[in-house]
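Following the working numbering, the numbering of the sequence shown begins with 3 at its first residue and continues without gaps.
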Amino acid sequence: MSDKNKHIIAAALQFAVAAAVVIAIFFIQGGASSENLLLSITNAVSITALIYMCIAAFMFLGTTDFGDIFGYAGRKALHGLIPGSFPDTKTYYDYKQEKAEKRAKKRGFKTTLIIGIVLLLCAVILTFICMA
3 MSDKNKHIIA
13 AALQFAVAAA
23 VVIAIFFIQG
33 GASSENLLLS
43 ITNAVSITAL
53 IYMCIAAFMF
63 LGTTDFGDIF
73 GYAGRKALHG
83 LIPGSFPDTK
93 TYYDYKQEKA
103 EKRAKKRGFK
113 TTLIIGIVLL
123 LCAVILTFIC
133 MA
């Protein structure tokens, strides 16, 4: 299977999960018995869009070295509290290099962000339709 096909399948799966989340939120807020059905759908779509955009933001932060110092400090603190919990032989530079190697293998956040933006645009359009 080519790399392009994998991206298409991943995007389709993410969109299917987004649709399932929209349906779940719609029913959780009692959308089927709601007075304004279109407004309930709009709320569910906008909440899902915001969730996806927040996830994309966290995925983006995961691709940067912003949190490396916090992870390293947490490991050091845990090792200080519980000696022998894991090997403590790495310097910060070694820890950062190991994280950079792992980060290079991670997939991007763009698909999640694009789905979030598309859902947000759909929610805005539905809001204008609902208000008309």
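In this text, a Cβ means the ideal position worked out from N, Cα and C, and glycines have one as well. Quantities reported herein were computed from a predicted structural model and do not represent experimental measurements.
Margin query: Report the CB separation of residue 48 from residue 125 in whole angstroms; it is logged as a contact under 8 Å.
Written below: The sequence position of residue 48 within the sequence shown is 46, counting from 1. The sequence position of residue 125 within the sequence shown is 123, counting from 1. Right, their Cβ atoms sit about 4 Å apart.
Next item on the list: Look up residue 2 in the DSSP assignment and say whether it is helix, strand or coil.
Entry: The question about residue 2 has no answer here: the residues shown for the chain are numbered 3 through 134.
Next item on the list: Report all residues from its chain with a CB closer than 8 Å to the CB of residue 31; omit the five preceding and five following residues, and keep chain order.
Entry: The residue you call residue 31 lines up with position 29 of the sequence shown. Taken in chain order, the residues that qualify are 42, 45 and 46.
Note to self: Is it the case that the segment 55 to 63 contacts the segment 74 to 84, given that we only count it when at least three CB pairs across the two stretches are under 8 Å?
What the structure shows: no
Checklist line | Segment contact, 8 Å Cβ cut-off, at least three pairs: the segment 118 to 132 with the segment 61 to 73 | finding: no
Notebook entry, point to check: Would DSSP call residue 38 helix, strand or coil?
Noted result: Looking up residue 38 in the sequence shown gives position 36. Residue 38 falls in the coil class under three-state DSSP.
Next item on the list: Measure from the alpha carbon of residue 22 to the alpha carbon of each residue in 129, 51, 131 and 105, then state which is nearest.
Entry: Sequence index remark: in the sequence shown, residue 22 carries index 20 (1-based). Of the candidates 129, 51, 131 and 105, the one whose C-alpha sits nearest the C-alpha of residue 22 is 51.
Notebook entry, point to check: Cβ of residue 38 versus every heavy atom of the ligand ADP: is any distance shorter than 7 Å?
Noted result: As far as ligands go, the structure on display features none, and thus does not contain the ligand ADP.
Checklist line | Nearest neighbour of residue 53, chosen from 65, 16, 38 and 77 [CA to CA] | finding: Translated into the one-based positions of the sequence shown, residue 53 becomes position 51. Taking only the C-alpha atoms, the option nearest residue 53 is 16.
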